[in-house]
Ligand SMILES: C[S@@+](CC[C@H](N)C(=O)[O-])C[C@H]1O[C@@H](n2cnc3c(N)ncnc32)[C@H](O)[C@@H]1O
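In the numbering used here, the protein residues as written are 1465 to 1744.
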């Protein structure tokens, strides 16, 4: 399946081949979330993931739930009006801008992902509230300066004003040669005081064997995922003030009182750390 060259302003250099015959990480994640942007090969891979990690679908939903709560906190309580979401994934409603603009219609959101498959489905990311603005850029998190220089980003966000950087389930995909802590520092250094960092990151602290299996599985398919212990995830927040309750597993970060079943999950059930920090 090829995608037209001009897709809502984001221009790939050449037509995109979606490789629907093989599983794709963003689409496998979409299967786990109950989405419709996936193909038989993705559904088969999702089934294999569920063998190593039977609650993978719950993990995906809880990860998404943290993004929703963090975005709501940032827009409602922290007064944030600008967001940069890197590693956006295939659009899944509610997307970040729908949450932020529900209380702050004039909120401005830039989405970024390095995967052409996300670009192919990015139309849903442009449905901004008329008072606000959304934009999508194809960019690699491993090249933070290129993201910061991007003309669409500069046109959409005012970097003299606070920005919330959201890195949800993306940092653990960076290849080993990238210094992930330096990447986050470079991005946060570019933002004004009062900016925030929200992230989730995979850990093997609870289920080392299952995480090793998943990591080996991705490695065998030419992809890379690196889980980290709590202390290393905490380092992303060096120099920032962590918002209560600090760094915790995703489902313990300010859970919604009505969230059914979240209180019956153990830490090991959702091996992802989540945190939100403010730049002073
Ligand atoms: C598991 S999905 C997470 C999607 C979304 N943030 C969420 O949590 O629901 C990871 C996303 O990160 C993107 N990604 C992985 N490595 C990236 C990189 N180096 N630069 C930008 N995006 C990346 C993938 O293409 C994928 O869409």
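Ideal Cβ positions, reconstructed from N, Cα and C, are used throughout, including at glycine.
So who's on the other strand from residue i, going by DSSP bridges?
{"i": "residue 1547", "result": "1573 and 1628"}
{"i": "residue 1742", "result": "1660 and 1705"}
{"i": "residue 1713", "result": "1737"}
Could you please give the first and the last residue of the uninterrupted beta strand (DSSP E) stretch that includes residue i?
{"i": "residue 1671", "result": "Segment: none, residue 1671 is in no beta strand (DSSP E) and carries neither H nor E."}
{"i": "residue 1665", "result": "1660-1666"}
{"i": "residue 1601", "result": "1597-1602"}
{"i": "residue 1529", "result": "That residue, residue 1529, is in no beta strand (DSSP E); its alpha helix (DSSP H) goes 1520-1536."}
Go to residue i, then tell me how far its alpha helix (DSSP H) extends in each direction, as first and last residue.
{"i": "residue 1641", "result": "Where residue 1641 is concerned, there is no enclosing alpha helix (DSSP H), given that its DSSP letter is neither H nor E."}
{"i": "residue 1568", "result": "Unbroken run through residue 1568: none, as it is neither H nor E."}
{"i": "residue 1541", "result": "Careful: residue 1541 lies outside any alpha helix (DSSP H) and carries neither H nor E."}
{"i": "residue 1608", "result": "1608-1613"}
{"i": "residue 1480", "result": "Where residue 1480 is concerned, there is no enclosing alpha helix (DSSP H), given that its DSSP letter is neither H nor E."}
{"i": "residue 1581", "result": "1580-1584"}
{"i": "residue 1494", "result": "1489-1496"}
{"i": "residue 1621", "result": "Careful: residue 1621 lies outside any alpha helix (DSSP H) and carries neither H nor E."}
Please identify the residue among the options whose C-alpha is closest to the C-alpha of residue i.
{"i": "residue 1673", "options": "1516, 1486 and 1511", "result": "1516"}
{"i": "residue 1488", "options": "1526, 1546, 1574 and 1582", "result": "1582"}
{"i": "residue 1543", "options": "1568, 1706, 1610 and 1689", "result": "1568"}
{"i": "residue 1730", "options": "1716, 1575, 1721 and 1591", "result": "1716"}
{"i": "residue 1733", "options": "1584, 1533 and 1675", "result": "1675"}
{"i": "residue 1698", "options": "1624, 1530 and 1648", "result": "1648"}
{"i": "residue 1486", "options": "1686, 1538 and 1692", "result": "1686"}
{"i": "residue 1742", "options": "1688, 1573, 1710 and 1659", "result": "1659"}
Could you round the C-beta distance between residue i and residue j to whole angstroms and report it? I think they count as a contact, below 8 Å.
{"i": "residue 1638", "j": "residue 1605", "result": "6 Å"}
{"i": "residue 1623", "j": "residue 1654", "result": "6 Å"}
Problem set entry | Contact between the stretch 1631-1641 and the stretch 1662-1672 (3+ Cβ pairs under 8 Å) | Touching, yes, given that three or more Cβ pairs across the two stretches are closer than 8 Å.
Exercise. Counting Cβ pairs closer than 8 Å, one from the stretch 1540-1555 and one from the stretch 1486-1501, do we hit at least three?
Worked result: Note that the stretch 1540-1555 touches the stretch 1486-1501; at least 3 beta-carbon pairs, one per stretch, sit closer than 8 Å.
Exercise. Below 8 Å, can you find three or more Cβ-Cβ pairs linking the stretch 1502-1521 to the stretch 1592-1600?
Worked result: By the Cβ criterion, the stretch 1502-1521 is not in contact with the stretch 1592-1600, since fewer than three pairs of Cβ atoms, one from each stretch, lie closer than 8 Å.
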